[in-house]
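If you read the sequence shown in our numbering, its first letter stands for residue 52, the second for the next number, and so on.
Just so you know, even glycine gets a beta-carbon here, dropped at the ideal spot from N, CA and C.
So the structure is just underneath, and the comments pick up after that.
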Amino acid sequence: MSDTIDMYRDLKELRQLERQRLGVKCPKCISEQPRRQPTILLPGRVCKVHKPWYRDTRPKPTDAEWNAAMEGTGWTQGANPPTEQVPA
Ligand SMILES: [Zn+2]
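Following this line, the structure appears as structure tokens:
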């Protein structure tokens with residue numbers, strides 16, 4: 052049971068790290084609603100706070116780009132993360 056709880060906590064931490072490292076503040080929020088905190092958008096995400104919606108134009112990061120952005124956090128993704136030991 053506690054493993055499941057730990058997993059959820061880790062996932063929450065991962066989402067926070069993703070926002071910090073890959074997120075950008077929605078420029079529409081800043082220009083149209085400067086008095087509230089702008090939405091943090093991950094690549095390709097849509098901000099639906101205002102109309103028309105704003106879609107982040109960046110493509111989804113590749114595994115290599117994601118790993119580079121998350122370097123030092125201990126998080127990796129993809130079939131061959133850079134930390135993986137390859138036998139010589
Ligand atoms: Zn917005």
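Which residue comes first and which comes last in the alpha helix (DSSP H) that contains residue i?
{"i": "Lys79", "result": "Pro78 to Glu83"}
{"i": "Glu122", "result": "Counting along the chain, Glu122 falls outside any alpha helix (DSSP H), and DSSP gives it neither H nor E."}
Going by the DSSP bridge assignment, what does residue i pair with across the sheet?
{"i": "Leu92", "result": "Val75"}
{"i": "Tyr105", "result": "Cys98"}
Under the rule that 16 or more other beta-carbon atoms within 10 Å means buried, what is residue i, buried or exposed?
{"i": "Glu69", "result": "buried"}
{"i": "Tyr105", "result": "buried"}
{"i": "Asp107", "result": "buried"}
{"i": "Lys79", "result": "buried"}
Given 8 Å, three or more beta-carbon pairs between the region 92 to 108 and the region 58 to 77: yes
Three-pair Cβ contact test at 8 Å for the region 54 to 65 versus the region 104 to 118: No, the region 54 to 65 is not in contact with the region 104 to 118.
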